[in-house]
Amino acid sequence: SRSDEARATFAALQRDVDRCREQQQQSAERFLEQLLLHRQQTGALEASLEHLRRDFDAHALRWREELQETLASSCRTDPDGPVDNSVAQESLKALREEHQAALASQSSLFRREFEAAYRAEELATTALGRLAGLEGGMADLRAELGREADRLRSDLQAEAAAAAERGLQRGFDHRLERGIAGMREECAAEVERLRADLRADVPALAEAAGCAAARELLGELRATGAAAEAGAEALRRRLEEVESRVAAMGEALRLRQQEAEAHAIAQAEALRRLAKAEAQASAQREESTESHARLQEELASKLSGMGRCVAELRMEVDRRLTDERVAWAAETAAVRAELAPAARVSAAQVEEWTQLAKSIREQSAKLAAVSALGAPW
Numbered sequence: 019s020r021s022d023e024a025r026a027t028f029a030a031l032q033r034d035v036d037r038c039r040e041q042q043q044q045s046a047e048r049f050l051e052q053l054l055l056h057r058q059q060t061g062a063l064e065a066s067l068e069h070l071r072r073d074f075d076a077h078a079l080r081w082r083e084e085l086q087e088t089l090a091s092s093c094r095t096d097p098d099g100p101v102d103n104s105v106a107q108e109s110l111k112a113l114r115e116e117h118q119a120a121l122a123s124q125s126s127l128f129r130r131e132f133e134a135a136y137r138a139e140e141l142a143t144t145a146l147g148r149l150a151g152l153e154g155g156m157a158d159l160r161a162e163l164g165r166e167a168d169r170l171r172s173d174l175q176a177e178a179a180a181a182a183e184r185g186l187q188r189g190f191d192h193r194l195e196r197g198i199a200g201m202r203e204e205c206a207a208e209v210e211r212l213r214a215d216l217r218a219d220v221p222a223l224a225e226a227a228g229c230a231a232a233r234e235l236l237g238e239l240r241a242t243g244a245a246a247e248a249g250a251e252a253l254r255r256r257l258e259e260v261e262s263r264v265a266a267m268g269e270a271l272r273l274r275q276q277e278a279e280a281h282a283i284a285q286a287e288a289l290r291r292l293a294k295a296e297a298q299a300s301a302q303r304e305e306s307t308e309s310h311a312r313l314q315e316e317l318a319s320k321l322s323g324m325g326r327c328v329a330e331l332r333m334e335v336d337r338r339l340t341d342e343r344v345a346w347a348a349e350t351a352a353v354r355a356e357l358a359p360a361a362r363v364s365a366a367q368v369e370e371w372t373q374l375a376k377s378i379r380e381q382s383a384k385l386a387a388v389s390a391l392g393a394p395w
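Structure below.
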């Protein structure tokens, strides 16, 4: 019964260890899936940032080319009339609006990418929390296994004490069996001695007392021998009963000894399996701790690298925006400086043409008046 209980306890302990191992494997697989998803998100973020950088460079180049073309077209003079500045102003206004819209879209895209990075960081923090919970669960399991091992050790000590008591009982039974065997030998020797004494005394008594007395004595001796034989038979039966009881007790002791040996073997096997399970659990715990530490280091390095990349990208974007604003201001100032003389020249030409038109209208009026009055000649 104790061996069955030890086997049941060991089976329950083995099931608990297997369940804990499965839970640990599932947690590790979920963490690896989350880490792979985070890496994919990080790769997508890096790709989107690279795509955004290329788009920004392409838009900046295109805006610069359009601005140069607009400035070249606005600075080009018309030989048939004055330069029209409204087209250049409208082009500059449309270009400025397009530039502002592109900046707004880029800022919203940056905001979305930063939000995605923040969500990835929160996911990593959650994964670290789950790792801490898993380590706590492993600590609880370790404590439970320690308590179970202590209980098994106490049970084994109790079984060892009981086995010692059974050993003492076996020694007592062995001494009892030897005493019974000695008593049987002494009884057999006493019976043989009485028979020998009777055989030796019968002839002498017959010669001394005569035939009648001899016959009487012989009858008495026969009765005494029969009584002695009956007593010896009763003693033999008692000895046989004692022998059968001793044999039954020996068989029971042998069965108990076999059961104790089987229980000791089962206990040794349970201890060996328990030590093996503890060694496997310790190795798995160390391996899991090392893998978790490596994953945490990789995750921390990825997060730090992503943070540095985002910071560098932000600095690069700020620098490029600042350079673009400075270049835009410089180019706008240059355009204004170039368009100011043209505007002054256009105003002078318009004034000159206005005076010419006025003189032409006056001469036309004079010619009309002369033609209405008739020629003086």
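Oh and the sequence shown: position 145 is 163 in my numbering, straight run, nothing missing.
Ideal Cβ positions, reconstructed from N, Cα and C, are used throughout, including at glycine.
What you are looking at is a predicted structure, and each value in this text was computed from that prediction instead of being measured.
message: Just to confirm my understanding: we take LEU374, look at its own chain, exclude 5 residues before and 5 after, and list those with CB closer than 8 angstroms. What are they?
response: For this step, residue 374 is matched to residue 356 along the sequence shown. None.
message: Rounded to the nearest angstrom, what separates ARG165 and ARG37 at their Cα positions?
response: Within the sequence shown, numbered from 1, the residue matching residue 165 stands at position 147. Within the sequence shown, numbered from 1, the residue matching residue 37 stands at position 19. Each residue's alpha carbon lies about 18 angstroms from the other.
message: Suppose you measure from the CA of GLY325 to the CA of LEU55; what does that come to, to the nearest Å?
response: Against the sequence shown, residue 325 aligns to sequence position 307. Against the sequence shown, residue 55 aligns to sequence position 37. Using only the alpha carbons, I get a separation of about 18 angstroms.
Environment of LEU385 [buried if 16+ CB atoms lie within 10 Å]: Stepping through the sequence shown from its first residue, residue 385 is reached at position 367. Exposed: under 16 other Cβ atoms inside 10 Å.
field: Neighbour-count burial assignment, GLN298, 16 or more Cβ in a 10 Å radius
entry: Translated into positions along the sequence shown, residue 298 becomes position 280. Looking at its Cβ environment, which holds fewer than 16 other Cβ atoms inside 10 Å, GLN298 is exposed.
task: Could you check if GLN285 is buried or exposed, using at least 16 other CB atoms within 10 Å of its CB as the buried criterion?
output: Position 267 of the sequence shown holds residue 285. So GLN285 counts as buried.
- prompt: How would you call SER309, buried or exposed, if buried means at least 16 neighbouring beta carbons within 10 angstroms?
  reply: Counting from one through the sequence shown, the residue named residue 309 turns up at place 291. It is exposed - the Cβ of SER309 has fewer than 16 other Cβ atoms within 10 Å.
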